[in-house]
Each structure stands twice: as structure tokens, then as C-alpha cells.
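Undergrad: Quick one: structure below, then a few questions.
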Amino acid sequence: SHMLQALHGQSSALQQELRKSLAEALNAKLLDARAAIAQKEAEVARQRGALAAQRERVAVLEAKMAKAELRHLKGGPADMPKPRPAHSTSTWSTQSLRLEWLPGPCRPNE
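First residue of the sequence shown: 1, per the UniProt record's numbering; consecutive thereafter.
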């Protein structure tokens with residue numbers, strides 16, 4: 001009977017240790033998963049920022065194209081491009097830019 005109680009006590013201690021180890025392992029996995037989620041969220045935020053900047057550039061180019069089209073329709077000098085400031089570093093050509101591949105509201109003539 002005394003030996004049975006000792007074995008029961010040992011069994012209880014082992015079960016507690018096992019529960020504690022399992023809880024620590026699960027907690028570590030949970031922390032790893034949360035870190036991975038935070039990393040993905042940061043990546044998505046960066047991509048959204050890049051996409052917003054790209055949309056802004058497209059909007060600027062669309063505005064330039066619309067101005068050029070208006071000048072053309074009003075009979076303005078087609079051969080004489082508007083003078084550009086000396087500090088401009090833009091390399092975009094609005095004459096050769098094709099936006100037909102863009103979705104919905106970005107597409108011209110819609």
C-alpha cells in the first residue's frame with residue numbers, strides 16, 4: 001500500500017511535468033506563429049504602400065495624358081512639348097505609354 005502511494009505520487013509528478021512541458025512547447029509554437037503573422041502583415045503593409053505609390057504615379061501620368069489630349073484637341077502645338085523645369089528627372093514618355101492593360105477606373109476612354 002505504501003509502495004502504491006509512492007508510485008501514484010511519482011505518476012502525478014510525471015503527469016504535471018509532462019503537462020508543463022507540453023504547455024511550454026505549445027506556447028513556443030504559438031509565439032512562432034504570431035511572429036510569422038506579424039512578419040506577413042508587415043510585408044503586406046509594405047506591398048500596399050508600394051501599390052499606393054504606383055497608383056499615384058499612374059494617376060499623374062493619366063492627368064498628363066489628359067492635358068496633352070486636350071491641347072491636341074484644342075489645336076495646340078502638337079510638335080512643341082511644354083517646357084519642363086530643369087530639375088525634373090522624369091523619364092516617362094506619355095506619348096508612348098499604353099494603359100489598355102490597366103483595370104477599370106485606370107483605363108482611358110471609359
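Idealized CB from N, CA, C, for every residue including glycine.
Straight-line CA distance for Q54 to L61?
TA: 11 Å
Undergrad: From A42 to A35, what does the alpha carbon distance come to, in whole angstroms?
TA: 11 Å
Undergrad: Reducing DSSP to helix, strand and coil, say where residue 111 ends up.
TA: No answer is possible for residue 111: the residues shown for the chain start at 1 and end at 110.
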